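*Asks:*
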Amino acid sequence: MGVQWTPSFRRLSDGAEARPATLQLCCGRRCLVFQIGRAGAGRVPLVLRRFLEDGRVDFVGYNVLSDCSKLSAHYGLRVACPQELRKVTGMGNASMESMAEQVLGWRGVKKAERVGAGNWNVSTLSKKQVRYAAADAFVAYYLGVKCLK
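If you count the sequence shown from 1, position 124 lands on 124 in UniProt numbering, and the numbers rise without skipping.
1) State the DSSP-derived secondary structure class of C68, mapped to helix, strand or coil.
2) If you drop the 5 nearest sequence neighbours on each side, which residues of the same chain put their C-beta closer than 6 Å to that of L32?
3) Restricting to Cα atoms, I'd like to know which of E101, R43 and G92 is closest to Y142.
4) If we count the other Cβ atoms within 10 Å of its Cβ and call it buried at 16 or more, is A117 buried or exposed?
5) Closer than 8 Å is the cut-off here; do at least three beta carbon pairs connect the stretch 101 to 112 with the stretch 67 to 84?
6) Would you report the Cα separation of G55 and C81, rounded to the nearest angstrom?
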């Protein structure tokens, strides 16, 4: 699980959370990149809300508690079982790339900073943005599968 947002180069007021533009989920080899910012708070599908609230489902991600806080603040979404990758892998502040290499043996996993720092509020995401967001969820999913056995 992950979210992407357009970085603000202004300081946000105390306690303010950046507004997520996408929510990405992965299960097996299938990834969903949902442009939650385009849907808006009142238009998040009920089936998605229920899925996130399902206590039987672990949602694994890098900095996932921050992502959940953003989803709650802006969309009223509650994620029942977030699992922080840094904790489940036991690798502390290691990058997701390092986790992929050390835990999964996947060399060369790279997250292009330039893509991650781009505009995620566009009406149509670029292919690079879709790949970036899907790869983020894909790697998190497989790290979770390996570490939460």
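We treat Cβ as the ideally placed atom computed from N, Cα and C, and that holds for glycine.
Please read these numbers as outputs of a predicted model, since none were measured by experiment.
*Replies:* According to the data block:
1) Against the sequence shown, residue 68 aligns to sequence position 68. Three-state DSSP puts C68 in a helix.
2) Locating residue 32 in the sequence shown gives position 32, where the first residue counts as 1. Contacts found: L25.
3) Counted from its first residue, the sequence shown places residue 142 at position 142. If we check each option's Cα against that of Y142, E101 comes out closest.
4) Within the sequence shown, residue 117 is the residue found at index 117, counting from 1. With fewer than 16 Cβ atoms within 10 Å of its Cβ, A117 is classed as exposed.
5) no
6) Working through the sequence shown from its first residue, we reach residue 55 at position 55. Working through the sequence shown from its first residue, we reach residue 81 at position 81. Taking the straight line from one Cα to the other gives about 6 Å.
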